[in-house]
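Using my numbering, the first residue of the sequence shown is number 2, and each one after it goes up by one. Note that beta-carbon positions come from the ideal geometry of N, C-alpha and C, so glycine has one too. Fair warning: this is a prediction, and the values are worked out from it, not measured in the lab.
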Amino acid sequence: MSTTSRFTERDVSEFFDQTTQTYLSFWDSEGVLHTGYFAGEDDTDYHAAADRTSDILAADAGIDASSNVLDVGCGCGNFLLRLAARTGCRGEGLDLSIERVRFAEQRRAERNASLPVSFRHGSATALPYDDGTFTHVVSQDALFLVPDKPRSHAEMFRVLAPGGVLAVSDFLQPTERIGEAARRHVYDRVRWNDGYSLDGYRRALTEAGFVDVVARSLDAHIRQTYRVLGRTARERAETTADEAARTWILGFADSCDEIQAAIDRGEFGWGMFVARKPA
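Following this line, the structure appears as structure tokens:
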């Protein structure tokens, strides 16, 4: 077992500030950068799968036109923008990366400036909102990066109104024993220290005060995400003339292979969690 690295919030913010344009140019120019919920192994439509993740999470949370939603770790803003357009909810997105917040605001202005949403730079461990502000707190594939996870759980609990709902998808660390390949290609690659197993995540939310915690594993979907992205990377590399860009893309494709192997070894996972703050 390798020694766990200790990345800080500054490490995380700098990494995503520095890589935002790279990921947008390769992964998705619209800013959809989260994991997809696929129909099966034959499903290779990444964008449809990513939208499906958002729709399932929103439906499980019960978000509608009366909801006031906080998206913690909102990234490029697509989840909150989709929620507002489809349900009529209002809300705010918060992210540690100033570059992704800027992109999110740009997308809001381009898509529908009248949508009742906004985006802010900030930390999940010190949410800049009053107690009980939101009916819903959501997050997609972001909370795993928070070094002080119990503090972020406490903050999300605090800003929820009594009876409010937490709904998140997040990456998991199913086992304490992480090999060197998984540490390099999965964890250190995105400045991730460590995480919870599915049951550990459920317990952590319960300890934070949440009730009615429902957890489900989505490991098959995350494996398909990286299978599809790895294949896409190699296809794009074949048509990329710039040598430096081609090298980066092929390196990403190799990491996708290593990530699938880590999933198969039980060193990496994905889960969805829905919980409630007591009324």
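Local Cβ density within 10 Å of residue i, reported as buried at 16 or more and exposed below that
i: residue 67; result: exposed
i: residue 174; result: buried
i: residue 96; result: buried
i: residue 212; result: exposed
i: residue 22; result: exposed
i: residue 165; result: buried
i: residue 55; result: buried
i: residue 276; result: buried
i: residue 43; result: exposed
i: residue 113; result: exposed
i: residue 101; result: buried
i: residue 9; result: exposed
i: residue 72; result: buried
i: residue 168; result: buried
i: residue 26; result: exposed
i: residue 280; result: exposed
i: residue 48; result: exposed
Proximity of residue i and residue j at Cβ, strictly below 8 Å
i: residue 218; j: residue 206; result: no
i: residue 126; j: residue 156; result: yes
i: residue 115; j: residue 141; result: no
i: residue 154; j: residue 216; result: no
i: residue 196; j: residue 268; result: no
i: residue 163; j: residue 278; result: yes
i: residue 193; j: residue 145; result: yes
i: residue 78; j: residue 109; result: yes
i: residue 214; j: residue 203; result: yes
For residue j and residue i, the rounded distance between their alpha carbons
i: residue 184; j: residue 65; result: 40 Å
i: residue 18; j: residue 122; result: 12 Å
i: residue 178; j: residue 187; result: 13 Å
i: residue 75; j: residue 143; result: 8 Å
i: residue 227; j: residue 158; result: 32 Å
i: residue 247; j: residue 241; result: 6 Å
i: residue 84; j: residue 92; result: 9 Å
i: residue 134; j: residue 70; result: 9 Å
i: residue 61; j: residue 53; result: 12 Å
i: residue 119; j: residue 271; result: 28 Å
i: residue 233; j: residue 257; result: 10 Å
**Item:** the region 87-106 in contact with the region 7-14 per 3-pair CB rule at 8 Å
**Value:** yes
**Request:** Return the chain-ordered ranges of every alpha helix (DSSP H) run that is complete within the region 159-209 and spans a minimum of 4 residues.
**Result:** 199-208
**Message:** Restricting to runs no shorter than 3 residues, where is the beta strand (DSSP E) found entirely within the region 60-85?
**Reply:** 69-73
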